[in-house]
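There are 2 protein chains.
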Amino acid sequence: MPIDDKQTRQRNDRVTIRTVAAHAGVSVAAVSKVMRNAYGVSEALRAKVTDAIDALGYRPSRAARGLRGRSFTIGVLLIDIRNPFLPEVIAGVNGVLAPSHYQAMIGVSDARVQLETSLIESMIDYKMDGLILVAPRLPAEIIAKFAVQIPIVAVGYHAAGATAFDTVNADDQRGAEIAVEALLACGYRDIEMLSLGEREGHAVSVVRQREIGFRRAMQRGGLGSSAPIGKIPIASPKREEAMRRFLSRKDRPRAVFCWSDLDAITLLSLAREMNVRVPEDLAVIGYDNSSTAALGLVNLASIDQSGRELGQVATRALISRIEGRSAAEHIFQIPSLVSRNSLVRSRDTEQG
Amino acid sequence: MPIDDKQTRQRNDRVTIRTVAAHAGVSVAAVSKVMRNAYGVSEALRAKVTDAIDALGYRPSRAARGLRGRSFTIGVLLIDIRNPFLPEVIAGVNGVLAPSHYQAMIGVSDARVQLETSLIESMIDYKMDGLILVAPRLPAEIIAKFAVQIPIVAVGYHAAGATAFDTVNADDQRGAEIAVEALLACGYRDIEMLSLGEREGHAVSVVRQREIGFRRAMQRGGLGSSAPIGKIPIASPKREEAMRRFLSRKDRPRAVFCWSDLDAITLLSLAREMNVRVPEDLAVIGYDNSSTAALGLVNLASIDQSGRELGQVATRALISRIEGRSAAEHIFQIPSLVSRNSLVRSRDTEQG
DNA sequence: CGTTATATGGAGAACGTTCTACAAATCATC
DNA sequence: GATGATTTGTAGAACGTTCTCCATATAACG
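These protein sequence lines are chains W and B, in that order.
So the working numbering is basically just the index in the first sequence, starting at one, shifted up by 334.
So the working numbering is basically just the index in the second sequence, starting at one, shifted up by 334.
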């Protein structure tokens, strides 16, 4: 068997598609067909091949696959790994992917545009099959440019006009409205929003969307069109300083809507420290319904946008796009309120 | 120019090494040499090639690279993305990698051995250059088997005897000792540990190490050799049930050491709910010094093991291994105590 | 000038897949 | 049983790199 000799010559013991073909006594192409369950494979052939695969413990090389066809990997780009909302999204993605033969690889950009770009490029260079970008910082035109090379779904990124890629979002405008409506229903009138400072002014960001919703709901509630929105810097220690300043203001409002739980929880901590009672002196409502908010010690009312569900929906959208859909989809989920003690103190949890 | 024609024929506009070579008027091999800055490249050639690269915006395909040589990617395997300790490790890894030409790709195993195995295999199949496994569930022999195929550093995994791969750990025995010593110093005698239930009995796990340290410190403190260790299940709702049972026990100890902040914080929440005062009725000390523990509302004393530093050290170890080191290294960091109100109430934060 | 060393660039064979053409075999149909 | 349609399997050319030889060109030396 001169053909077999070629195998024996290999010094490396990696099991390749050729090893399998030789072991099963069929061609390389046949094995490939079985792997990709392509058309034109008899039961007999399939059996022979899968037996050989099992016997040898063959795993196709992802690198080689990527060079030619599918790599069966999708890339997930996370802006930041500390925000407890993001792990939920990942959980959703993994949940949908688990039963399929796709796998997720995650990159963390730490909110740096430079790193974000190079990670996306890497993922393209790896010939990944598709990308899920979670709250990306890049402008829509750049993302559209990448989307020519690879299917992309953006999560937490408002670009309803995009035609080159899909978006999956919680309706952030509506979420903010729900928060305001809840505060109004509790009888609060003197309401302010604490939003994110910095220059991430892109209308695409969830923050700006929440501001829009806040303004609209306030106006609708008859509370002036110039509803006050405070800006909190993102980085310590300026962040804490700004919050302290807010808490010690003479004209501090009666209720506050924070753009994210992360801020709301820090605010709660500082309020306790500065003897501002919540909710008696200040009602607080956050956004994300993170696990920390649910803690008895924290008890923060929050808008739930189910990151897990967003992750699931985004993954399904991406797969359908990988499998051929070309028209852009822009999907919205409706968030909901989770009421807790920071909004109004419930009877059964009177302070112990 | 018949050679150039071959280029023009390409329907796809991807810029490959061949495009660059043609544009610079040199051979493919020359470009490759410049990319890998290999020996035997004149300044003139280098200039021509880098000019062409800049002009065309060329990026080498990672997939193709992986097929032959280095891919300049390292894989990080996370057991769970919800534990706030892990993002810190990632931050450390990314910090060290940022200035280099390496990049990190993260996989999340959700603590499932099956998924963990297949992710490791995928990363190998991608021809990644090395792997950092954070708190893996796999037994040491299996990891050693993988380590033959790819450089591996395990973090939060006690296998000091391993010769095939490196480990980087906080000294978990010592950490537990520090916790006990702190409790003893505060005058508590009636001390118990709340550990993790389930069958993750491998001596490799950080949990078991902390138990050993706890026992030793208790014994050294003259508090019997059979120091009581309670087991808390990992999943809701059994987890909360077990904690409630602990809190309402008649013979509840005066102080408790929790194997992780995650548990300690839930315990704190339930204690508040059940009118058990902390630290007056029960002193609590956790492990990880997570950001939640540091919140004013939570104020949990904890053992700090700087995940960021572990990530940094692990990354440096991995790179040195990739670059040729073959003798195994087992590195330890010494954890430290962060005292907060759950241990002993400080004067300036008397309950508001 | 001839000989040998050294520096520089190039040809072309891997790497492990996918996938297009095509050949061979089998089945239907009249 | 001849013809055409369908099914099943194979050869072999990509894919975009790396890297091992080789072929020059230049320098060094007697």
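Ideal Cβ positions, reconstructed from N, Cα and C, are used throughout, including at glycine.
- Sixteen is the threshold: since fewer than 16 other Cβ atoms of the shown chains lie within 10 Å of the Cβ of residue 657 of chain B, the residue is exposed.
- Listed along the chain, the chain B residues whose CB falls inside 9 Å of the CB of residue 460 of chain W are 395, 396, 397, 400, 405, 407, 439, 460.
- Within the segment 612-642 of chain B, 626, 629, 630, 631, 632 place their CB atoms closer than 7 Å to a CB of chain W, listed in sequence order.
- Within 8 Å of the CB of residue 442 of chain B, the CB atoms of chain W belong to 424, 428, 438, 440, in sequence order along the chain.
- Across the structure, residue 665 of chain W and residue 452 of chain W are spaced so that their CA atoms are roughly 27 Å apart.
- Minimum Cα-Cα distance from residue 617 of chain B among the listed residues B/463, B/498, B/523 corresponds to B/523.
- For the segment 363-396 of chain B, residues whose beta-carbon sits nearer than 8 Å to a beta-carbon of chain W comprise 393, 394, 395, 396.
- The alpha carbon of residue 638 of chain W has as its nearest neighbour, out of W/632, W/628, W/646, the alpha carbon of W/628.
- The three-state reading of DSSP puts residue 385 of chain W in helix, counting H, G and I together.
- In its chain, beyond the 5 residues on either side, 405 have a beta carbon closer than 6 Å to the beta carbon of residue 399 of chain W.
- Within its own chain, the residues whose Cβ lies closer than 6 Å to the Cβ of residue 645 of chain W, once the five positions on either side in sequence are excluded, are 423, 426, 427, listed in chain order.
- The C-beta of residue 362 of chain W has fewer than 16 other C-beta atoms within 10 Å across all chains shown, which makes the residue exposed.
- Residue 421 of chain W has its alpha-carbon roughly 24 Å from the corresponding atom of residue 630 of chain B.
- Listed in chain order, the non-local C-beta contacts of residue 623 of chain W below 6 Å within the same chain comprise 636, 638, 672, local neighbours out to five positions each way being set aside.
- Among the residues facing chain B, residue 644 of chain W is not included, as its CB has no counterpart in that chain under 8 Å away.
- Contact between residue 497 of chain B and residue 662 of chain B holds, with the beta-carbon distance rounding to 5 Å and staying under 8 Å.
- With contacts defined by Cβ atoms closer than 8 Å, residue 520 of chain W and residue 677 of chain W form a contacting pair.
- When C-beta distances to chain B are compared with 9 Å, the residues of the segment 467-496 of chain W below that value are 483, in chain order.
- Nearest neighbour of residue 612 of chain W by Cα position, chosen from W/595, W/621, W/589, W/625, turns out to be W/589.
- Here the alpha carbons of residue 348 of chain B and residue 440 of chain B stand approximately 27 Å from one another.
- For residue 499 of chain B, no beta strand (DSSP E) encloses it, and the DSSP letter there is neither H nor E.
- DSSP places residue 565 of chain W inside the beta strand (DSSP E), whose first and last residues are 563-566.
- The segment 453-468 of chain W makes contact with the segment 480-490 of chain W: 3 or more CB pairs, one atom from each, lie closer than 8 Å.
- Runs of the alpha helix (DSSP H) spanning 4 or more residues and lying entirely within the segment 563-617 of chain W occur at 572-581, 595-607, in chain order.
- Under the three-state reduction of DSSP, residue 503 of chain W is assigned to strand.
- In this structure, residue 621 of chain B sits away from residue 582 of chain B, with a CB-CB distance that is not shorter than 8 Å.
- Taken in chain order, the members of the segment 409-421 of chain W whose beta-carbon sits within less than 7 Å of a beta-carbon on chain B are 415, 416, 421.
- Three or more Cβ pairs drawn from the segment 382-396 of chain W and the segment 354-368 of chain W lie within less than 8 Å of each other, which places the two stretches in contact.
- Contact between residue 515 of chain B and residue 551 of chain B holds: CB atoms are separated by about 6 Å, below the 8 Å threshold.
- Around the Cβ of residue 437 of chain W, a 10 Å sphere holds 16 or more other Cβ atoms; the residue is buried.
- Taking the CA atoms as reference points, residue 379 of chain W sits about 12 Å from residue 371 of chain W.
- Residue 461 of chain W and residue 455 of chain W have their C-alpha atoms some 10 Å from each other.
- Legend: CB atoms of the segment 580-606 of chain B lying less than 8 Å from CB atoms of chain W belong to residues 599, 600, 602, 603, 604, 606.
- Excluding sequence positions up to five before and after residue 383 of chain B, its CB lies within less than 6 Å of the CB of 358, 365, 368, all in the same chain and listed in chain order.
- Contact annotation: residue 669 of chain W and residue 505 of chain W have beta-carbon atoms nearer than 8 Å.
- Think of a sphere of 8 Å around the beta carbon of residue 453 of chain B: the chain W residues whose beta carbon falls inside it are 437, in chain order.
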